[in-house]
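Each residue of the sequence shown is one higher than the one before, counting from 715 in this note's numbering. Cβ coordinates follow ideal geometry from the N, Cα and C atoms, glycine included. Here is the structure we will look at.
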Amino acid sequence: MRLFTPLPDAPRFKIDGTAEDDAILDAWVEGATLAEWYESERTGIVTVSMRIKWWWRRTRRVLR
715 MRLFTPLPDA PRFKIDGTAE DDAILDAWVE GATLAEWYES ERTGIVTVSM RIKWWWRRTR
775 RVLR
C-alpha cells in the first residue's frame, strides 16, 4: 500500500527504453502533453504561449 497516491497527471509507462516511453517522460518533465511534445519536436518551434502553458503545468505539480 502506497502512502501517497500518484499525481493524476503523472505518466504511467514501462521503462523499457522505447522512443514513445522517452517522449512520454520528456513531455511530462517539460509540462507538455504528448501531442504538444510531438508537435514541437516535429516543427522545431516552441511558442511563448506553449512555454507559459508548460511552465504553469510544471509549477502546478510543485504547488500541490
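Item, Value
"Under the three-state DSSP convention, the category residue 728 falls into", "coil"
"Exposure label - residue 731; buried when at least 16 CB within 10 Å", "exposed"
"Integer-rounded CB distance, given that residue 744 should sit under 8 Å from residue 768", "5 Å"
"Cβ-Cβ separation, residue 750 to residue 764 (assumed contact under 8 Å), whole Å", "7 Å"
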